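**Student:** According to full-length UniProt numbering, the sequence shown is numbered sequentially starting from 1. In this text, a Cβ means the ideal position worked out from N, Cα and C, and glycines have one as well. Computed from a predicted model, the values in this text were never measured in an experiment. Here you go, one structure.
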Amino acid sequence: MPSNKLTLQRETILFYWNNGTCSPKEIHRLTARKLTQDNINMSYKTVGRRLHELGYKNSLPIGTPMLTAIQKEKRVEWAQNHLNDSWEKTLFTMKLPSSYSEIPLNIGKTSLFCFTQIMNAEFYVEILQNHIPEVRRMLGRRWRFQQDNDRKHTSRRAKEFLQENVPKFSSGHQTALILILLKIYGVLSSIT
Numbered sequence: 001m002p003s004n005k006l007t008l009q010r011e012t013i014l015f016y017w018n019n020g021t022c023s024p025k026e027i028h029r030l031t032a033r034k035l036t037q038d039n040i041n042m043s044y045k046t047v048g049r050r051l052h053e054l055g056y057k058n059s060l061p062i063g064t065p066m067l068t069a070i071q072k073e074k075r076v077e078w079a080q081n082h083l084n085d086s087w088e089k090t091l092f093t094m095k096l097p098s099s100y101s102e103i104p105l106n107i108g109k110t111s112l113f114c115f116t117q118i119m120n121a122e123f124y125v126e127i128l129q130n131h132i133p134e135v136r137r138m139l140g141r142r143w144r145f146q147q148d149n150d151r152k153h154t155s156r157r158a159k160e161f162l163q164e165n166v167p168k169f170s171s172g173h174q175t176a177l178i179l180i181l182l183k184i185y186g187v188l189s190s191i192t
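Quick look at the structure:
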């Protein structure tokens with residue numbers, strides 16, 4: 001194959017790979033029409049070979065359980081320790097699945113923030129820097145910030161920023177849900 005065709009193949013494949021298309025079959029589907037117009041035929045296996053030539057490795061994610069027994073135990077313990085806390089001045093960071101249809105009540109209005117890039121620790125801290133003043137205006141001086149253990153939340157950069165700018169509070173994923181469940185359990189157990 002002439003080198004200019006090979007170069008065009010590689011550039012086209014890399015363009016889609018670097019823009020988030022991770023499957024050779026998907027890259028092939030997206031590039032087939034464009035490359036056919038340039039008289040270049042390429043199968044999805046060729047896409048895989050070109051990615052391999054460029055140093056990319058094919059791997060599957062490792063299957064892991066959602067939560068271990070120890071993690072579940074720690075979450076219940078955390079929820080029990082905070083069962084009687086006042087949650088009116090707690091700001092939660094939450095990522096709800098698209099299938100979540102319930103609308104939470106008693107939520108104050110904040111500015112809307114939309115983004116299209118992948119969030120990393122630096123971007124997360126930038127968002128916090130821009131929105132913490134608004135939270136302070138809404139909730140006053142005595143409030144707390146609750147987030148899960150996502151890597152960007154627990155990064156050194158985020159921890160340093162939060163330590164300097166936000167009231168300290170322990171973290172725990174989906175603690176609000178656990179708290180609600182424990183309160184329901186408490187009510188039900190007192191009835192029976």
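#1: Judging by CA-CA distance, which residue of K159, D148, D150 is the nearest neighbour of Q129?
#2: R75: which of Q163, K152, D148 sits nearest, CA to CA?
#3: Examine the Cβ distances between the stretch 45-59 and the stretch 11-31 and report whether three or more of them are shorter than 8 Å.
#4: Which two residues bound the contiguous beta strand (DSSP E) that contains R141?
#5: Where does E88 sit, in a helix, a strand or coil, going by DSSP?
#6: Going by CA-CA distance only, name the one from W17, D85, T36, F145 that's closest to P167.
#7: Which class does V166 belong to by DSSP, given the choice of helix, strand or coil?
#8: Taking the straight line between their C-alpha atoms, what separation do you get for Y56 and M66?
#9: Compute the Euclidean distance between the alpha carbons of E134 and R141, then round it to the nearest angstrom.
#10: Using C-beta distances below 7 Å, list every residue in its chain close to N165, excluding the 5 sequence neighbours before and after it, in chain order.
#11: Give me, in chain order, the residues of the same chain whose beta-carbon lies closer than 7 Å to that of K72; leave out the 5 immediate sequence neighbours on both sides.
**Tutor:** In short:
#1: Locating residue 129 in the sequence shown gives position 129, where the first residue counts as 1. Looking only at K159, D148, D150, the smallest Cα-Cα distance to Q129 is reached by K159.
#2: Counting from 1 along the sequence shown, the entry for residue 75 is found at position 75. The option with the nearest alpha carbon to R75 is D148.
#3: Here the stretch 45-59 lies against the stretch 11-31, with 3 or more beta-carbon pairs under 8 Å apart.
#4: Walking along the sequence shown from the start, residue 141 turns up at place 141. First-last for R141: undefined, no H or E at that position.
#5: The count along the sequence shown starts at 1 and reaches residue 88 at position 88. When DSSP states are grouped into helix, strand and coil, E88 belongs to the coil group.
#6: Taking the sequence shown and counting its residues from 1, the one referred to as residue 167 is at position 167. Among W17, D85, T36, F145, the Cα nearest to that of P167 belongs to F145.
#7: Residue 166 sits at position 166 when you count from the first residue of the sequence shown. Note: V166 maps to coil in three-state DSSP.
#8: Indexing the sequence shown from 1 puts residue 56 at position 56. Indexing the sequence shown from 1 puts residue 66 at position 66. A direct Cα-Cα distance of roughly 28 Å separates Y56 from M66.
#9: Reading the sequence shown from its first residue, position 134 is the one you call residue 134. Reading the sequence shown from its first residue, position 141 is the one you call residue 141. Cα to Cα, the separation comes out at about 12 Å.
#10: To locate residue 165, count along the sequence shown from 1; it is residue 165. The residues are I132.
#11: Position 72 of the sequence shown, counting from 1, holds the residue named residue 72. Within the same chain, K72 has no close Cβ partners at all.
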